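Have a look at the structure below before the remarks.
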Amino acid sequence: MFTKDEAAAAFPDEVVTKAVTRVLTAPGIGKVALITIDNGHDHTRPSTFGPQSLVSLNEALDAAFAAEPAAIAVTGKPFIFAVGADLSGVEQVADRALAHKIAEAGHTVFRRFTDSPVPTFAFVNGAVMGGGLELALSCHYRTLSDNTAAIALPEVFLGLFPGWGGTQLLPNLIGPDAAVTVIFENALSQNRMLKPKQAVELGIVDALLGSADFIERSLAWAAGVLAGEKPQRREIDRGEGWDAAVARARRIVQDKTKGASPGALKALELLELARENDLDRGYAAETEALADVLMSDALRAGLYSFNLVQKRAKRPAGAPDKGLARPVTKVGIVGAGLMASQMALLFARQLKVPVVLTDIDQARVDKGVAYVHGEVDKLAAKGRVSADGANRLKALVSGSMDKAAFADADFVIEAVFEEMGVKQKVFAEVEAHVSETCVLATNTSSLSITEMASTLKHPERVVGFHFFNPVAVMPLLEIVRAEKTDDATLATAFSVGKSLRKSCVLVKDAPAFVVNRLLTRFMGEVVRSLDEGTPFEVADKATDDLGLPMTPLVLLQLVGPAVALHVAETMHRAFPDRFGVSENMKRFVEAGKTAVWQWDATGTPSVDPEVAALWQFGDNPLTGEEVRQRALEGVAEEIRIMLDEGVVAEAQDIDLCMILGAGWPFWLGGATPFLDREGIAEKVNGKPFLAQGVASVPA
Numbered sequence: 001m002f003t004k005d006e007a008a009a010a011f012p013d014e015v016v017t018k019a020v021t022r023v024l025t026a027p028g029i030g031k032v033a034l035i036t037i038d039n040g041h042d043h044t045r046p047s048t049f050g051p052q053s054l055v056s057l058n059e060a061l062d063a064a065f066a067a068e069p070a071a072i073a074v075t076g077k078p079f080i081f082a083v084g085a086d087l088s089g090v091e092q093v094a095d096r097a098l099a100h101k102i103a104e105a106g107h108t109v110f111r112r113f114t115d116s117p118v119p120t121f122a123f124v125n126g127a128v129m130g131g132g133l134e135l136a137l138s139c140h141y142r143t144l145s146d147n148t149a150a151i152a153l154p155e156v157f158l159g160l161f162p163g164w165g166g167t168q169l170l171p172n173l174i175g176p177d178a179a180v181t182v183i184f185e186n187a188l189s190q191n192r193m194l195k196p197k198q199a200v201e202l203g204i205v206d207a208l209l210g211s212a213d214f215i216e217r218s219l220a221w222a223a224g225v226l227a228g229e230k231p232q233r234r235e236i237d238r239g240e241g242w243d244a245a246v247a248r249a250r251r252i253v254q255d256k257t258k259g260a261s262p263g264a265l266k267a268l269e270l271l272e273l274a275r276e277n278d279l280d281r282g283y284a285a286e287t288e289a290l291a292d293v294l295m296s297d298a299l300r301a302g303l304y305s306f307n308l309v310q311k312r313a314k315r316p317a318g319a320p321d322k323g324l325a326r327p328v329t330k331v332g333i334v335g336a337g338l339m340a341s342q343m344a345l346l347f348a349r350q351l352k353v354p355v356v357l358t359d360i361d362q363a364r365v366d367k368g369v370a371y372v373h374g375e376v377d378k379l380a381a382k383g384r385v386s387a388d389g390a391n392r393l394k395a396l397v398s399g400s401m402d403k404a405a406f407a408d409a410d411f412v413i414e415a416v417f418e419e420m421g422v423k424q425k426v427f428a429e430v431e432a433h434v435s436e437t438c439v440l441a442t443n444t445s446s447l448s449i450t451e452m453a454s455t456l457k458h459p460e461r462v463v464g465f466h467f468f469n470p471v472a473v474m475p476l477l478e479i480v481r482a483e484k485t486d487d488a489t490l491a492t493a494f495s496v497g498k499s500l501r502k503s504c505v506l507v508k509d510a511p512a513f514v515v516n517r518l519l520t521r522f523m524g525e526v527v528r529s530l531d532e533g534t535p536f537e538v539a540d541k542a543t544d545d546l547g548l549p550m551t552p553l554v555l556l557q558l559v560g561p562a563v564a565l566h567v568a569e570t571m572h573r574a575f576p577d578r579f580g581v582s583e584n585m586k587r588f589v590e591a592g593k594t595a596v597w598q599w600d601a602t603g604t605p606s607v608d609p610e611v612a613a614l615w616q617f618g619d620n621p622l623t624g625e626e627v628r629q630r631a632l633e634g635v636a637e638e639i640r641i642m643l644d645e646g647v648v649a650e651a652q653d654i655d656l657c658m659i660l661g662a663g664w665p666f667w668l669g670g671a672t673p674f675l676d677r678e679g680i681a682e683k684v685n686g687k688p689f690l691a692q693g694v695a696s697v698p699a
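Every letter in the sequence shown is one number past the one before it in the working numbering, and letter 475, counting from 1, is 475.
Structure follows, in structure tokens:
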């Protein structure tokens with residue numbers, strides 16, 4: 001364990017979360033030592049635990065025990081319990097001995113709550129994640145405020161694992177299968193948070209209490225526990241049930257990471273060990289594993305990704321002064337297909353303004369509005385909106401065949417067929433009805449915004465507003481500035497994007513923008529290897545070690561071969577030397593095929609024999625490693641060209657787009673630092689993308 005001086009010397013820049021003990025007299029209990037943890041900032045900067053913070057918590061425990069109370073409780077500052085370890089100083093960890101000491105310190109302090117002869121309570125009054133949740137799990141009992149906004153163990157999402165008791169305590173409290181949901185399934189599903197009610201149902205906390213007088217209610221509940229009203233704990237199946245849970249965790253890890261995330265794999269090992277319910281052995285294993293991870297490039301890569309998403313995404317590079325943004329009180333959507341309908345639901349839910357859909361016939365309009373209303377009904381059935389709220393949402397969304405319905409709209413977005421002439425015609429029709437300041441946005445995935453706006457009277461109010469599918473889930477929004485887009489239009493687009501709770505990145509008007517351009521180059525290299533004779537199985541598994549969300553050919557199926565071919569043709573016209581058009585792909589699309597793979601009843605894939613028959617292979621097959629290298633070298637070359645063209649401000653924006661729009665894994669640390677670490681960037685471009693790259697293990 002650190003002394004106060006050692007902790008201050010090792011991490012002088014740590015934002016210290018101080019723990020203060022005060023002794024209360026509570027009805028039915030008597031003397032209670034209440035420890036409050038607070039980093040001195042408001043709720044926008046949550047409390048974390050670094051070495052100095054752990055020393056402070058340890059000292060607060062000393063004071064608590066010295067008071068000889070009937071109970072010890074720990075709580076946080078308003079709206080925040082604690083959100084985990086302070087990872088900001090990881091780059092300062094110069095050797096494994098220091099890493100081991102940090103890992104051990106968390107266990108040492110938290111375990112004092114577990115081993116305490118005095119009953120310990122966690123009064124979880126707000127956001128609780130990572131090490132904060134592990135502190136709560138270390139206590140004997142837990143209450144939770146019903147307005148808690150975030151509950152999770154997100155470590156596996158970051159390429160880590162819960163390392164201060166989480167892998168051992170949680171499965172032995174709520175059962176291994178429920179623990180798999182929290183540690184693996186939720187974390188690897190875009191870091192899904194638990195709601196307070198779910199935390200109670202799973203058994204993570206013992207009581208859900210109102211927020212207005214949460215501490216008083218928690219003390220009253222604790223009095224009941226001390227009087228013998230102890231919460232029931234579930235029986236843990238350490239046999240077949242545990243085997244089944246571990247097997248499910250392995251499937252999730254394989255499906256989501258292709259076994260490429262070191263943190264997820266280590267979490268699997270520790271989950272298996274937790275079956276023994278031996279904290280001495282389990283904590284020792286967590287400590288050793290955490291010391292290794294703290295010295296790894298994988299952690300630094302994950303922190304690079306985390307900082308992009310948490311910091312850069314909130315302050316988009318190049319975005320104009322938000323004071324220039326115009327208010328948006330009504331939204332129009334041209335098109336009523338699935339993408340347009342998804343957008344309508346999102347605009348209505350987040351902006352709370354009227355949304356009007358139009359299309360070429362009444363049946364399509366009715367279908368689009370019906371889709372939105374149906375989705376609202378589903379939300380109501382799940383309890384995510386009230387019955388009254390559902391009615392209000394449905395009332396906001398309407399349809400019309402007449403674009404005159406857009407007359408009082410401030411923001412109109414088109415989501416029609418990807419053909420320049422069609423989009424220009426649509427915008428001309430819309431411009432005839434809307435005000436001169438109405439923003440005209442396009443959801444095009446690859447076409448030129450500048451050309452689209454060129455025939456309009458006011459091209460300055462046209463902007464790219466490129467969502468990713470599914471609209472409600474994917475966090476990225478590429479905002480594209482055309483040659484004549486003015487600052488007010490751009491500021492309004494960023495303001496709307498923020499209101500939609502999207503992470504916005506400013507992109508220059510260039511073919512396919514960022515994500516689709518890089519994915520098309522990546523896919524193009526894989527398809528080229530197929531054309532040359534590489535077997536489908538070899539080419540599709542070539543990049544498995546990256547842990548991408550899906551293999552290239554499964555991605556092709558998701559996107560749709562016809563769409564992929566259309567984008568490839570668009571890119572070929574723009575850059576014929578780097579983007580080819582496969583004759584095999586043309587035959588594939590002409591034959592109406594939608595997938596290379598077909599799956600039997602057991603989920604085992606095989607190549608569709610009709611696809612195999614129509615594909616004409618060359619006589620120069622590549623190995624999997626050669627396919628991987630070719631694809632990554634193509635991506636490295638394309639990123640360098642995009643940066644030279646000024647498609648985005650910096651390499652970090654490329655990385656942010658790939659993480660949020662293409663599912664590039666957190667633990668790889670973004671595309672550019674990964675290509676730097678692999679030596680591919682220097683091989684292809686003569687230099688790395690980042691001057692220092694992702695911080696590596698000190699020599």
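The beta carbon of each residue, even a glycine, is placed where N, CA and C say it ideally should be. These numbers come from a predicted model, not from an experiment.
Between the CA atoms of residue j and residue i - distance to the nearest angstrom
i: residue 521; j: residue 566; result: 13 Å
i: residue 367; j: residue 380; result: 20 Å
i: residue 244; j: residue 230; result: 30 Å
i: residue 662; j: residue 564; result: 15 Å
i: residue 696; j: residue 624; result: Interpretation of residue 696 is limited by its pLDDT of 45, a score under 50 that renders its predicted location unreliable; the figure taken from the coordinates is listed afterwards. Computed Cα separation, rounded: 28 Å.
i: residue 694; j: residue 86; result: Reliability fails at residue 694, whose pLDDT of 48 lies under 50, so the model's placement of it is uncertain and the value that follows must be treated cautiously. Between residue 694 and residue 86, the C-alpha separation is close to 18 Å.
i: residue 586; j: residue 598; result: 20 Å
i: residue 173; j: residue 107; result: 17 Å
i: residue 40; j: residue 146; result: 24 Å
i: residue 698; j: residue 49; result: Because the pLDDT at residue 698 is just 37, under 50, the model does not fix this residue reliably, and the point stays unresolved.
i: residue 353; j: residue 329; result: 6 Å
i: residue 637; j: residue 130; result: 38 Å
i: residue 365; j: residue 400; result: 7 Å
i: residue 459; j: residue 512; result: 20 Å
i: residue 221; j: residue 36; result: 18 Å
i: residue 350; j: residue 500; result: 5 Å
Distance CB(residue i)-CB(residue j) smaller than 9 Å
i: residue 213; j: residue 331; result: no
i: residue 635; j: residue 671; result: yes
i: residue 301; j: residue 677; result: yes
i: residue 20; j: residue 76; result: no
i: residue 144; j: residue 103; result: no
i: residue 132; j: residue 163; result: no
i: residue 271; j: residue 249; result: yes
i: residue 127; j: residue 113; result: no
i: residue 526; j: residue 540; result: yes
i: residue 175; j: residue 286; result: no
i: residue 477; j: residue 495; result: no
i: residue 648; j: residue 317; result: yes
Residue interval of the beta strand (DSSP E) (run including residue i)
i: residue 209; result: 207-209
i: residue 188; result: Per DSSP, residue 188 belongs to no beta strand (DSSP E) and is neither H nor E.
i: residue 31; result: 30-38
i: residue 20; result: 18-26
i: residue 489; result: Run containing residue 489: none in the beta strand (DSSP E); it sits in the alpha helix (DSSP H), 487-499.
i: residue 199; result: Taken as a continuous stretch (DSSP letters only), residue 199 belongs to no beta strand (DSSP E), being part of the alpha helix (DSSP H) at 196-202.
i: residue 465; result: 462-466
Endpoints, alpha helix (DSSP H) assigned at residue i
i: residue 680; result: 680-685
i: residue 380; result: 362-381
Unbroken stretches of the alpha helix (DSSP H), 4 residues or longer, contained in the stretch 65-144
Entirely contained in the stretch 65-144, the alpha helix (DSSP H) runs reaching 4 residues are, in chain order, 96-115 and 131-138.
For the structure I just gave you, are there three or more beta carbon pairs, one from the stretch 151-166 and one from the stretch 295-309, closer than 8 Å?
Short answer: they touch.
Let me know the beta strand (DSSP E) ranges lying completely inside the stretch 633-678, each 3 residues or longer, listed in chain order.
Qualifying beta strand (DSSP E) stretches: none in this window.
In chain order, what are the residue ranges of uninterrupted beta strand (DSSP E) at least 3 long that sit wholly in the stretch 207-263?
Correct list: 207-209.
Would the stretch 443-450 count as touching the stretch 463-474 if we require 3 or more Cβ pairs under 8 Å?
In short, these stretches touch, since the Cβ pair count reaches three.
Secondary structure, beta strand (DSSP E): runs of 3+ residues fully inside the stretch 262-300
List check, beta strand (DSSP E) in window: nothing returned.
The stretch 59-75 in contact with the stretch 9-27 per 3-pair CB rule at 8 Å:
Output reads yes: the stretch 9-27 touches the stretch 59-75.
What are the uninterrupted segments assigned as beta strand (DSSP E) that are 3 or more residues long and contained completely in the stretch 383-412, given in chain order?
Counting only runs of 3 or more, we get 397-399.
With contact counted as at least three CB pairs below 8 Å, one residue from each stretch, are the stretch 372-390 and the stretch 417-427 in contact?
No, the stretch 372-390 does not touch the stretch 417-427.
Please determine if the stretch 259-267 and the stretch 198-205 are in contact, where contact requires at least 3 C-beta pairs separated by less than 8 Å.
The answer is no - the stretch 198-205 does not touch the stretch 259-267, with fewer than three Cβ pairs under 8 Å.
Starting from the N-terminal side, write out each stretch of the beta strand (DSSP E) that is 3 residues or longer and does not extend beyond the stretch 558-614.
Segments of the beta strand (DSSP E) lying fully in the stretch 558-614: 597-599 and 605-607.
Contact between the stretch 332-341 and the stretch 681-693: three or more CB pairs below 8 Å?
Verdict: no, contact absent.
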